[in-house]
Each structure stands twice: as structure tokens, then as C-alpha cells.
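**Q**
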Amino acid sequence: MPVTPRPSIFAVEPYKGGESKIPGVNRIVKLSSNEGAFGPPPSAVAAITEAALGAHRYPDGGATALRTAIGQRFGLDPERIVCGNGSDELLAMLILAYGGEGTELIMSAYGFQMYELTGTWAGCRIIKVPEPNLVTEVDALLAAVGPRTRLMFLANPNNPTGSLMSQAELARLRRELPDNVLLVLDSAYAEYVTDPGYDAGARLVDSSPGNTVMTRTFSKIYGLGGMRLGWAYASPAVVDVLNRVRGPFNLNSAVMAAGIAALSEPGWIEKSVAHNTEWRARLSAGLEAAGIRVQPSQGNFVLADFGSPERAAAADAHLRSRGLIVRAMGGYGLPRCLRITVGTGEECEMVVDALSAFAQGNPATTEAHPVAEAAHG
9 MPVTPRPSIF AVEPYKGGES KIPGVNRIVK LSSNEGAFGP PPSAVAAITE AALGAHRYPD
69 GGATALRTAI GQRFGLDPER IVCGNGSDEL LAMLILAYGG EGTELIMSAY GFQMYELTGT
129 WAGCRIIKVP EPNLVTEVDA LLAAVGPRTR LMFLANPNNP TGSLMSQAEL ARLRRELPDN
189 VLLVLDSAYA EYVTDPGYDA GARLVDSSPG NTVMTRTFSK IYGLGGMRLG WAYASPAVVD
249 VLNRVRGPFN LNSAVMAAGI AALSEPGWIE KSVAHNTEWR ARLSAGLEAA GIRVQPSQGN
309 FVLADFGSPE RAAAADAHLR SRGLIVRAMG GYGLPRCLRI TVGTGEECEM VVDALSAFAQ
369 GNPATTEAHP VAEAAHG
């Protein structure tokens with residue numbers, strides 16, 4: 009008899025990232041993965057190149073210099089920071105350490121797919137809480153908690169809806185959750201939030217009795233998605249658990265050097281936030297003007313609602329015919345929607361032009377956008 013894995017491994021399909029190619033199309037504008045509009049910071053590219061010279065040496069298994077740089081940048085204790093191969097690795101480690109067979113993991117209905125996938129693989133029972141109007145409600149999350157609940161995952165801002173939970177509601181959620189439930193705040197899009205009252209989660213971690221974790225990533229605003237770098241801020245007890253279950257060299261030298269450099273790139277965050285704030289609004293307004301409903305977003309993406317799965321599929325096909333790749337949301341239970349990354353100004357204009365023509369039933373007018381070749385040739 010052949011060796012067999014646990015049945016839960018086959019309970020879900022593998023995660024599928026945003027597409028990057030279209031057969032037969034040479035010039036591609038990829039707006040499917042919420043990647044930073046400007047690519048990686050120049051200093052990070054230089055750091056990666058320099059690190060290659062030492063590729064024969066094992067990296068620092070404790071990521072000491074990187075954790076110190078993160079701590080300095082965000083005013084946090086480096087001893088309470090753990091770095092991972094993308095925040096996905098950290099989320100998985102938390103699930104494997106605190107979940108498993110006989111436990112429950114609670115998430116919002118339209119939360120990040122990796123919570124459900126990894127939780128299912130680990131043997132957790134996944135409870136997805138309905139989100140009326142695509143907004144997560146604290147009372148609904150609390151009502152789902154039972155005696156076997158051990159984990160609750162909340163992205164804030166949420167991907168793919170772009171919604172944001174207020175600090176007061178977050179504090180109430182933590183206050184009314186049982187102490188034995190680990191609340192994980194996934195703040196992958198924190199840098200893009202312009203709400204002056206927003207906190208990515210550090211304050212809640214500090215005010216909680218060791219049962220709250222904040223995760224962050226370098227994949228979005230820092231443009232290092234291809235390098236895979238994330239970090240978590242937690243209590244000393246949770247940090248100890250994460251360091252026990254992570255691999256001894258889970259980060260390579262090049263990615264650590266890139267992360268340190270990216271944190272100190274002059275004006276990078278300010279430029280990126282200003283661009284995203286302007287073009288997220290312009291992209292949303294352009295789609296709304298074409299009669300396409302757009303959800304309010306605090307991330308570097310917008311969720312466009314086409315009213316029906318058929319119309320969303322037709323819009324997606326039309327965009328693809330122009331070399332524009334966005335993310336269909338059927339896998340998230342939102343088949344009538346497409347998620348569109350806020351790219352460069354030219355890319356956003358291309359999307360608005362294409363979908364305006366689509367909405368008017370005149371796709372031919374989107375042919376040969378004047379910036380297409382200059383931006384992607």
C-alpha cells in the first residue's frame with residue numbers, strides 16, 4: 009500500500025497566484041497581484057547585487073540586522089520581531105503552532121485565501137463569517153466563537169474588498185474575544201492607509217496579554233514580492249514559539265540585504281503613498297463614471313463589481329484582449345467582481361479606457377492606447 013498523507017491535504021485546491029502571461033500577447037500589463045507600482049527601490053536592487061558575492065556563505069539565521077532595521081523604522085523591540093519567507097510563511101507557522109485537528113479558525117467570508125487553505129491543510133475547521141456589504145462586522149466574528157476556536161485571522165485593510173475596520177472596533181474585538189483565542193492582524197497593506205486614526209496593530213499587540221500578532225510584508229509598497237519577505241510582531245511567548253517552528257535559515261542573505269536597504273530608501277514610502285492615493289481615486293472615479301460599481305478601498309487595489317458573473321467574465325476577457333491582466337474573484341466567492349491593482353498612472357488610464365469602452369459596448373475604441381508601448385515596450 010502506498011504511503012498516504014492526511015486527508016485534509018486534499019480538501020482544498022492549491023493556491024493560484026495572479027496570472028502574469030496571456031498566450032499570444034507580447035505586451036502585458038500585470039495588475040493581478042497588488043504589486044508595488046514602481047517596482048523595487050533602487051537601493052534594494054543594489055543590495056541584492058552586492059549580496060550575490062557572498063552567496064557561498066550561510067545567512068544569519070536570526071536575521072539580526074534586518075530585525076534591528078525593522079525595529080528602528082517602526083519603533084518596535086527587535087526581540088519581538090520574527091521574519092519569514094513572506095508573511096505567508098508566518099501565517100502558516102501560527103496556524104501549525106496554535107491550530108490543527110480539533111480546533112477552529114475563524115475568518116471573514118472574503119478574507120485572504122491562504123488562511124483557509126493553510127488552516128484546512130493543518131486540520132482546522134474553518135469558519136467563514138458573512139460580510140454584509142463586503143464589510144467585516146465585529147459582532148458577527150464574535151458570534152462565531154466557540155469552545156474549540158483557537159485562531160482568528162483578520163486582514164486590515166482586507167484583501168480583496170479593501171475595507172478597513174476602525175481602531176475602536178478592533179479594540180472591542182480583542183477585548184471581547186476569549187483570552188485563549190489568538191488574533192492575527194494581517195496588515196500587508198498598512199502603508200497605503202491614509203486614515204489618520206489607523207494603527208497597523210502594534211498598539212493592540214502591546215495592550216493584549218500575549219494573544220495578538222501583527223504581520224507585515226515587503227511584497228507590496230516595498231516592491232519585493234519576488235524576494236519573499238515578511239515579518240511578525242508579537243509577545244515574547246509567541247515569538248519563542250515561532251522561532252521554534254521556523255526553519256533555521258528561512259531567509260537568504262540577498263532578501264535580508266534588500267529589506268534593510270528598502271527600509272531606508274529616501275522618500276520611497278511618501279512617493280508611493282501619494283501616487284496610490286491619487287490614482288486609486290482616479291481609477292475608482294473612472295470606473296464609476298463608466299457605470300461600474302467600485303468598493304471603497306484602503307489598499308493599492310480596487311474591487312470592481314460588474315453585477316453578474318457573466319458580465320465580469322466578459323470584462324475580464326476584454327481586458328485580456330488588450331494585454332491587461334486583473335484578478336477574477338470567483339475563487340473568493342465574488343464571481344461578479346474583478347480586483348484591479350493600482351499600477352502606474354498610464355496603466356490606470358489604460359484600464360479606465362478599456363472598461364469605459366466595454367461598458368459602452370464599443371471595445372474597438374480601446375485599440376492601441378498611446379502609452380502602451382512606451383510603458384511596456
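Here our numbering is used: the first residue of the sequence shown is 9, the next is one more, and so on.
All residues carry an ideal CB built from backbone N, CA and C; glycine is no exception.
Using a Cβ-Cβ cut-off of 6 angstroms (strictly less than) and excluding sequence neighbours within five positions of residue 9, which residues of its own chain qualify?
**A** Translated into the one-based positions of the sequence shown, residue 9 becomes position 1. No residues qualify anywhere along the chain.
**Q** Whole alpha helix (DSSP H) runs in the region 281-328 with 4 or more residues, listed along the chain?
**A** Listed in chain order, nothing qualifies, since the region 281-328 has no complete alpha helix (DSSP H) run of 4 or more residues.
**Q** What's the C-alpha gap between residue 137 and residue 149?
**A** Against the sequence shown, residue 137 aligns to sequence position 129. Against the sequence shown, residue 149 aligns to sequence position 141. Rounded to the nearest angstrom, the two C-alpha atoms are 6 angstroms apart.
**Q** Run through the region 67-123 for me and flag every whole alpha helix (DSSP H) of 4 or more residues, listed as ranges in chain order.
**A** 72-82, 94-106
**Q** With burial defined as no fewer than 16 other Cβ atoms inside 10 Å of the residue's Cβ, what is the status of residue 197: buried or exposed?
**A** As a working mapping, residue 197 is identified with position 189 in the sequence shown. By the 10 Å Cβ count, residue 197 comes out buried.
**Q** Could you pull out every residue in the same chain whose Cβ sits closer than 6 angstroms to the Cβ of residue 109, ignoring the five residues on either side in sequence?
**A** As a working mapping, residue 109 is identified with position 101 in the sequence shown. 131, listed in sequence order.
**Q** Give the DSSP-derived three-state secondary structure of residue 161 in the structure shown.
**A** Stepping through the sequence shown from its first residue, residue 161 is reached at position 153. Strand, per DSSP.
**Q** Helix, strand or coil for residue 156 per DSSP?
**A** Reading the sequence shown from its first residue, position 148 is the one you call residue 156. Collapsing the DSSP output to three states places residue 156 in coil.
**Q** Starting from residue 65 and walking both ways along the alpha helix (DSSP H), at which residues does that stretch end?
**A** Sequence index remark: in the sequence shown, residue 65 carries index 57 (1-based). Neither: residue 65 is in no alpha helix (DSSP H) and is coded neither H nor E.
**Q** To the nearest angstrom, how far is it from the Cα of residue 158 to the Cα of residue 205?
**A** Taking the sequence shown and counting its residues from 1, one reaches residue 158 at position 150. Taking the sequence shown and counting its residues from 1, one reaches residue 205 at position 197. Looking at the two C-alpha atoms, the distance is approximately 29 angstroms.
**Q** With a CB to CB cut of under 6 angstroms and the five nearest residues on each side skipped, what residues in its chain are close to residue 77?
**A** Stepping through the sequence shown from its first residue, residue 77 is reached at position 69. For residue 77, where only same-chain residues beyond five positions count, the Cβ hits under 6 angstroms are 268, 271.
**Q** Less than 8 angstroms between the C-beta atoms of residue 335 and residue 51, yes or no?
**A** The count along the sequence shown starts at 1 and reaches residue 335 at position 327. The count along the sequence shown starts at 1 and reaches residue 51 at position 43. Result no, Cβ atoms of residue 335 and residue 51 do not sit closer than 8 angstroms.
**Q** For a quick check, are the C-beta atoms of residue 82 and residue 231 less than 8 angstroms apart?
**A** As a position in the sequence shown, residue 82 is number 74, starting the count at 1. As a position in the sequence shown, residue 231 is number 223, starting the count at 1. In this structure, residue 231 does not lie closer than 8 angstroms to residue 82 by Cβ.
**Q** What is the DSSP secondary structure of residue 241, counted as helix, strand or coil?
**A** Along the sequence shown, read from residue 1 onward, the residue named residue 241 stands at position 233. Annotated three-state conformation of residue 241 is strand, per DSSP.
**Q** Could I get the ranges of all uninterrupted beta strand (DSSP E) runs contained in the region 194-242, with 3 residues as the minimum, in chain order?
**A** Counting whole runs of 3 or more residues, the region 194-242 contains the beta strand (DSSP E) stretches 220-225, 238-241.
**Q** Bridge partners for residue 332 per DSSP, in chain order?
**A** Here residue 332 corresponds to residue number 324 of the sequence shown, with the count starting at 1. In DSSP, residue 332 forms a bridge with 37.
**Q** From residue 383 to residue 368, what does the alpha carbon distance come to, in whole angstroms?
**A** In the sequence shown, residue 383 corresponds to position 375, counting from 1. In the sequence shown, residue 368 corresponds to position 360, counting from 1. With a pLDDT of 31 at residue 383, under the threshold of 50, the predicted position of this residue should be treated as unreliable, and no value is reported.
**Q** Please classify residue 363: does DSSP put it in a helix, a strand, or coil?
**A** Along the sequence shown, read from residue 1 onward, the residue named residue 363 stands at position 355. Helix, per DSSP.
**Q** When we look at the beta-carbon of residue 241 and count the other beta-carbons within 10 Å, is it buried (16 or more) or exposed?
**A** Taking the first residue of the sequence shown as 1, we reach residue 241 at position 233. Classification of residue 241: buried, given that the 10 Å Cβ count is 16 or more.
**Q** Here's the rule I'm using: 16 or more other beta-carbon atoms within 10 Å means buried, otherwise exposed. How should residue 315 be labelled?
**A** Within the sequence shown, the letter at position 307 stands for residue 315. With fewer than 16 other Cβ atoms within 10 Å, it is exposed.
**Q** Are residue 166 and residue 144 touching if we call contact CB-CB under 8 angstroms?
**A** In the sequence shown, residue 166 corresponds to position 158, counting from 1. In the sequence shown, residue 144 corresponds to position 136, counting from 1. Result yes, Cβ atoms of residue 166 and residue 144 sit closer than 8 angstroms.
**Q** Buried or exposed for residue 123, going by 16 or more other Cβ atoms inside 10 Å?
**A** Numbered from 1 along the sequence shown, position 115 holds the residue referred to as residue 123. Buried.
**Q** Can the beta-carbon of residue 229 be found closer than 8 angstroms to that of residue 280?
**A** Within the sequence shown, the letter at position 221 stands for residue 229. Within the sequence shown, the letter at position 272 stands for residue 280. A contact, by the Cβ cut-off of 8 angstroms.
**Q** Rounded to whole angstroms, what is the Cα-Cα separation between residue 114 and residue 91?
**A** Taking the sequence shown and counting its residues from 1, one reaches residue 114 at position 106. Taking the sequence shown and counting its residues from 1, one reaches residue 91 at position 83. Note on geometry: alpha-carbon atoms of residue 114 and residue 91 lie some 24 angstroms from one another.
**Q** Look at the alpha carbon of residue 304 and the alpha carbon of residue 186, and state the distance between them as a whole number of angstroms.
**A** As a first step, residue 304 must be located in the sequence shown, where it is residue number 296. As a first step, residue 186 must be located in the sequence shown, where it is residue number 178. Those two C-alpha atoms are separated by around 31 angstroms.
**Q** Grab me the residues of residue 95's own chain with a C-beta within less than 8 angstroms of its C-beta, minus the 5 sequence neighbours each way, in chain order.
**A** Walking along the sequence shown from the start, residue 95 turns up at place 87. Closer than 8 angstroms at Cβ, skipping near neighbours: 194, 196, 223, 224, 225, 227, 238, 239, 240.
**Q** Given residue 250, which residues of its chain have a CB within under 6 angstroms of its CB, disregarding the five upstream and five downstream residues?
**A** In the sequence shown, residue 250 corresponds to position 242, counting from 1. Closer than 6 angstroms at Cβ, skipping near neighbours: 90, 101.
**Q** On a Cα-Cα basis, can you pick out the residue from 258, 106, 147, 103 that is closest to residue 72?
**A** Locating residue 72 in the sequence shown gives position 64, counting from the first residue. When each option's Cα is compared against that of residue 72, the closest is 258.
**Q** Check residue 349 in the structure and name its three-state DSSP category.
**A** Residue numbering aside, residue 349 sits at position 341 when the sequence shown is read from its first letter. Strand.
**Q** Using CA atoms only, rank isn't needed, just tell me which of 243, 310, 345 is closest to residue 322.
**A** To locate residue 322, count along the sequence shown from 1; it is residue 314. Ranking the options by Cα distance to residue 322, first place goes to 345.
**Q** Hey, could you find the ends of the beta strand (DSSP E) residue 133 is sitting in?
**A** Taking the first residue of the sequence shown as position 1, residue 133 is located at position 125. Element bounds for residue 133: 133-137.
**Q** If you follow the alpha helix (DSSP H) that residue 58 is in, where does it begin and where does it stop?
**A** Position 50 of the sequence shown, counting from 1, holds the residue named residue 58. Segment 50-59, the alpha helix (DSSP H) holding residue 58.
**Q** With distances taken from CA atoms, which of 309, 302, 329, 319 is nearest residue 141?
**A** On the sequence shown, position 133 is the one that residue 141 refers to. It is 302.
**Q** Residues in its own chain within less than 6 angstroms of residue 116 by CB, not counting five upstream and five downstream?
**A** Sequence index remark: in the sequence shown, residue 116 carries index 108 (1-based). For residue 116, where only same-chain residues beyond five positions count, the Cβ hits under 6 angstroms are 137, 139, 144.
**Q** Once you ignore the five residues that flank residue 103 on each side, which residues in its own chain have a CB closer than 6 angstroms to its CB?
**A** Locating residue 103 in the sequence shown gives position 95, counting from the first residue. Answer for residue 103: 126, 127, 130, listed in chain order.
**Q** Using the rule of at least 16 other Cβ atoms within 10 Å of the residue's Cβ for burial, across every protein chain shown, is residue 374 buried or exposed?
**A** The count along the sequence shown starts at 1 and reaches residue 374 at position 366. Model confidence at residue 374 stands at a pLDDT of 37, short of 50, so the residue's coordinates are unreliable; what they give is reported in the following sentence. Answer is buried; the Cβ neighbour count reaches 16.
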